[in-house]
Amino acid sequence: MNEINRRENAKLEKAKGDNAFEEAKILSNNGKYDGAVSRAYYAAFHYACACLLTKGLEPNPIKGCNDSFTSTLFVPMFSLKR
Numbered sequence: 009m010n011e012i013n014r015r016e017n018a019k020l021e022k023a024k025g026d027n028a029f030e031e032a033k034i035l036s037n038n039g040k041y042d043g044a045v046s047r048a049y050y051a052a053f054h055y056a057c058a059c060l061l062t063k064g065l066e067p068n069p070i071k072g073c074n075d076s077f078t079s080t081l082f083v084p085m086f087s088l089k090r
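Take 9 as the starting number for the sequence shown in this note's numbering and just add one per residue.
1. Around the C-beta of Met85, are 16 or more other C-beta atoms found within 10 angstroms, so that it is buried, or is it exposed?
2. Go to Gly64, then tell me how far its alpha helix (DSSP H) extends in each direction, as first and last residue.
3. Please name the residue in Lys40, Gly25, Asn13, Tyr41 whose C-alpha comes closest to that of Cys57.
4. I'd like the list of long-range same chain contacts for Ala51, defined as Cβ closer than 7 Å, with 5 residues on each side in sequence excluded.
5. Classify Asn27 as helix, strand or coil using the three-state DSSP reduction.
Take a look at the structure:
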């Protein structure tokens, strides 16, 4: 994947995250909490994939982005010395 494709894919993932988050808010406001949690999860998933793409990493199509996000962005952030 080249840099232009990576940026476009990151934008698409962010748009998917925005859409899922908006759906989560609508569901929550209407008392549909199980559906809201599900859509919020997918919003976070798409935002994490977008973050990986901005760092030059491609989410694994089989495992998704959870493993890559945790090992690449989340763990280093919390292992910084204060």
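In this text, a Cβ means the ideal position worked out from N, Cα and C, and glycines have one as well.
Inspection of the coordinates gives the following:
1. Walking along the sequence shown from the start, residue 85 turns up at place 77. Residue placement at Met85 cannot be trusted, given a pLDDT of 49 that sits under 50; what the coordinates show is reported in the next sentence. By the neighbour-count rule (16 or more Cβ atoms within 10 Å), Met85 is not buried but exposed.
2. For the purposes of this step, residue 64 is taken as residue 56 along the sequence shown, with counting starting at 1. Run containing Gly64: none; DSSP gives neither H nor E here.
3. Translated into positions along the sequence shown, residue 57 becomes position 49. Each of Lys40, Gly25, Asn13, Tyr41 was checked against the Cα of Cys57, and the nearest Cα belongs to Gly25.
4. The sequence position of residue 51 within the sequence shown is 43, counting from 1. Around Ala51, the same chain offers Gly25, Ala28, Phe29, Ala32 as residues with beta carbons nearer than 7 Å, after the five sequence neighbours per side are excluded.
5. For the purposes of this step, residue 27 is taken as the residue at position 19 of the sequence shown. Helix, per DSSP.
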